[in-house]
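Protein chains in written order, with my numbering: chain A, 33 to 281; chain B, 39 to 326. Even for Gly, the Cβ is constructed at its ideal location relative to N, Cα and C. Take a look at the structure set out below.
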Amino acid sequence: MMALEGFRFRRGESFIHRSDPRAKFLLSFAFMAMAIAFVKLKFLLLILALQLAILANGRCLKDWIRSLKGLVPLIALIFAAQVLVSWSWVSALTYSVRFVAVTSTMSWFLLTTSPDDLGLSLEQVGLPSDISFAFTMAIRFVPVISYEFQSVYDAQRSRGLELEKGSFVQRIRKYVPIIVPVFIETIRRTYEIADAMEVRAFGAKPKRTRLNVLVMRPSDWAISLVAVLLLLGTVFLQLSNAKVPWINA
Amino acid sequence: MLPLNVKNLTFTYEGNDFPSLVDVSMKVEEGEFVLVTGPSGCGKSTLCKSFVGLVPHSYPGKMEGDVEVFGFSVKEKPVSEIATRAGLVFQDPENQLFTLSVENDVAFGPENLALPRDAIRERVDWSIGAVRIADLRHRAPFELSGGQQQRAAIASILAMKPTLMIFDEPTAFLDPASAKSLFELIYSLKKELGITVVLVEHRLDMVAALASRVVVLDGGRVVLDGDPREVLSNKVLERIGVGAPAATRLCMRLRERGFGLEAPISVEEAAKEILKVLGGTSLGRDRG
Chain A
33 MMALEGFRFR RGESFIHRSD PRAKFLLSFA FMAMAIAFVK LKFLLLILAL QLAILANGRC
93 LKDWIRSLKG LVPLIALIFA AQVLVSWSWV SALTYSVRFV AVTSTMSWFL LTTSPDDLGL
153 SLEQVGLPSD ISFAFTMAIR FVPVISYEFQ SVYDAQRSRG LELEKGSFVQ RIRKYVPIIV
213 PVFIETIRRT YEIADAMEVR AFGAKPKRTR LNVLVMRPSD WAISLVAVLL LLGTVFLQLS
273 NAKVPWINA
Chain B
39 MLPLNVKNLT FTYEGNDFPS LVDVSMKVEE GEFVLVTGPS GCGKSTLCKS FVGLVPHSYP
99 GKMEGDVEVF GFSVKEKPVS EIATRAGLVF QDPENQLFTL SVENDVAFGP ENLALPRDAI
159 RERVDWSIGA VRIADLRHRA PFELSGGQQQ RAAIASILAM KPTLMIFDEP TAFLDPASAK
219 SLFELIYSLK KELGITVVLV EHRLDMVAAL ASRVVVLDGG RVVLDGDPRE VLSNKVLERI
279 GVGAPAATRL CMRLRERGFG LEAPISVEEA AKEILKVLGG TSLGRDRG
């Protein structure tokens, strides 16, 4: 669960928090494309540094570090695998940094974007409101259901359910008395949520209006422009085989 | 036009052998504050759902009789249309807040009605002001206490501008202090907005004095319906396992012992009654 901490939104007033989700998504996508396209340690470190600057602006470096801690086993695995395959420390380090750089693209985007705004932006790019709403709700109820899981887990353990003993298969089986009640409770909850939506006239009109509408500000257009240029540059370098120092030479 | 007119309503959920409601008839007049109570599983929640059309529209089953909301049969109107006249607040506030800010949640209903933005903003401002949570506007539901969440849920229903509000055990998930303050809020909303209120509740000690009428359900039937004093001092309550307010029970005990007391519904009234039989001496609190 700790790894997921780095992807949970916290409200903030920073420049990056206030930026349009569409612009942020483009930028995040551009960083991801570059980190995947160019496997060069110096360049990957630069991308990582830029993202750290964004995280610092959003004051969510701490959350990012927390999620990084959760990813340590995976990073170690990548590092070890690279050492074994290529016998090169530089290559091992490069691939590890690349992994961190790629996961960070999602991390800062989700940490600084309210799921409400994300849903709204999905709607504004043309997705039906049902789908964007289902998406926002899923994020809204993740902590609720994980809390429920925790309480059923505690309740069953206090009745003597031992989860630590036995073989792998046995241990998995022991999760059944936890998963079944959580599942049933979640179904019951969905009925209640559906009722609560109905009494607020969900689906009354074919097209709902929205109180808040996202508007691209000049700075959002600037971010989008930079992101598009970066993406075009990436595609160009990939196709043309041109070598540029720092990036891929 | 009666806000609510239940005519011989019998309802059996699909898959059940026994009806959850049996021949229920009750009328709610404009401006009333009706308290509905009864033991667990007596059909209170089903009745609440029928008031806004969730029963039978969202819950399949066999329905006889009818429920009329402001003259319209719930069978014939979609829930979304009834929702603009009758609002229902549920037990668990957590399941009534779907977005990540109070503002968006309160706006949800008016957005579904496809109102223009200015009208939505106006309704949001008004609703969160009415339940006194204007300062929590941009908070997420999980950052709020249970009482604050329930206030947000009430605001989200108020934003539909109903003239009849139904509360289905709105304090089931709250501690006594938050419950008391929520009841005070409901009472003040009724007075300030002139709406009609139907409140389903177990905590009779706290709400008996607010109600203008009490309806008691047992086994899906209406067993008592009338003036709070008469209903709450009725012996039937004890038999079906409904705890009348402690003040009422105390005075009824004293009456059995031969004291000439009237049935009170609040501690203050009980104190007056007891002082009356003690011969006019008053308590220290009154002197000071």
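If you measure between the beta carbons of valine 169 (chain B) and alanine 145 (chain B), is that distance less than 9 Å? Their beta carbons are not under 9 Å apart, which means valine 169 (chain B) does not touch alanine 145 (chain B) by this criterion.
Per DSSP, tyrosine 51 (chain B) is paired with what? According to DSSP, tyrosine 51 (chain B) bridges with B:Gly99.
Quick one, which residues of the stretch 159-176 of chain A are near chain B if we go by CB-CB under 7 Å, in chain order? Thr168, Met169, Arg172, Pro175, Val176
Can you list, in chain order, the residues of the stretch 83-95 of chain A whose Cβ is nearer than 7 Å to any Cβ on chain B? none
Please check the pair arginine 259 (chain B) and aspartate 55 (chain B), which I expect to be a contact at CB under 8 Å, by giving their CB distance rounded to whole angstroms. Not a contact, Cβ separation roughly 17 Å.
Straight-line CA distance for asparagine 43 (chain B) to valine 107 (chain B)? 7 Å
Near valine 214 (chain A), which residues of its chain fall below 6 Å by C-beta distance, leaving aside the five closest residues on each side in sequence? Cβ neighbours of valine 214 (chain A) beyond the five flanking positions: Glu180, Phe181, Val184.
For the alpha helix (DSSP H) that alanine 233 (chain A) lies in, which residues bound it at each end? Unbroken run through alanine 233 (chain A): none, as it is neither H nor E.
Three-way DSSP call (helix, strand, coil) for alanine 197 (chain B) in this model: coil
Here's a check: name, in chain order, each residue in its chain whose Cβ is nearer than 7 Å to the Cβ of phenylalanine 41 (chain A), leaving out the five neighbours to either side. Leu142, Leu143, Thr145, Ser146, Pro147
Below 8 Å, can you find three or more Cβ-Cβ pairs linking the stretch 149-159 of chain B to the stretch 173-186 of chain B? no
Ordered along the chain, which non-local residues of its own chain (more than five positions away) have a Cβ less than 8 Å from that of phenylalanine 61 (chain A)? Thr137, Ala259, Leu263
Endpoints, the beta strand (DSSP E) within which isoleucine 279 (chain A) is located: That residue, isoleucine 279 (chain A), is in no beta strand (DSSP E); it is neither H nor E in DSSP.
List the residues that DSSP assigns as beta-bridge partners of glycine 258 (chain B). Answer is none; glycine 258 (chain B) lacks a bridge partner.
Buried versus exposed call for arginine 325 (chain B) [16 or more other C-beta atoms within 10 Å across all chains shown]: At arginine 325 (chain B) the pLDDT is 46, less than 50, meaning the model places this residue with poor confidence and gives no usable figure here.
Beta bridge counterpart(s) of isoleucine 79 (chain A) as assigned by DSSP: DSSP links isoleucine 79 (chain A) through a beta bridge to no other residue.
Among B:Leu73, B:Ser63, B:Ser58, B:Ser216, which one has its Cα closest to the Cα of valine 93 (chain B)? B:Ser58
For aspartate 52 (chain A) versus valine 245 (chain A), is the C-beta spacing smaller than 9 Å? no
Rounded to whole angstroms, what's the CA-CA distance from glycine 281 (chain B) to glutamate 207 (chain B)? Just pull it up for me. In this structure, the CA atom of glycine 281 (chain B) is about 15 Å from the CA atom of glutamate 207 (chain B).
At what residues does the beta strand (DSSP E) containing phenylalanine 205 (chain B) begin and finish? 202-206
By DSSP, does asparagine 150 (chain B) sit in helix, in strand, or in coil? helix
Counting only Cβ pairs nearer than 9 Å, list the residues of chain A close to glycine 257 (chain B). Near glycine 257 (chain B) there are no residues of chain A at all, since even the closest Cβ is about 23 Å away, more than 9 Å.
Secondary structure at aspartate 61 (chain B), three-state DSSP: helix, strand or coil? In the three-state reduction of the DSSP assignment, aspartate 61 (chain B) falls in the strand class.
So what's valine 315 (chain B) in DSSP terms, helix, strand or just coil? Three-state DSSP puts valine 315 (chain B) in a helix.
Interface flag, aspartate 243 (chain B) vs chain A, CB-CB below 9 Å: no
Residue of B:Thr50, B:Val66, B:Gly99, B:Gly109 minimising C-alpha distance to cysteine 80 (chain B): B:Thr50
Does the separation of the CB atoms of threonine 201 (chain B) and threonine 234 (chain B) fall below 9 Å? yes
C-alpha gap between serine 118 (chain A) and leucine 109 (chain A), whole angstroms: 14 Å
Label glutamate 306 (chain B) either buried or exposed according to how many other C-beta atoms from any shown protein chain fall within 10 Å of its C-beta, with 16 as the threshold for buried. Exposed, by the Cβ-count rule.
Using a Cβ cut-off of 9 Å (strictly closer), state whether methionine 101 (chain B) contacts chain A. no
When DSSP labels each residue in this structure, what does asparagine 43 (chain B) get in the three-state scheme? strand
DSSP beta-bridge partners for threonine 75 (chain B)? B:Val254
Given alanine 284 (chain B), which residues of its chain have a CB within under 7 Å of its CB, disregarding the five upstream and five downstream residues? Asp243
Cβ of glutamine 134 (chain B) less than 9 Å from any chain A Cβ? yes
Look at threonine 286 (chain B) and alanine 309 (chain B) and say whether their C-beta atoms are less than 9 Å apart. no
Neighbour list for threonine 201 (chain B) in chain A, Cβ cutoff strictly below 7 Å: Residues of chain A passing the Cβ test: none, with the nearest at roughly 15 Å.
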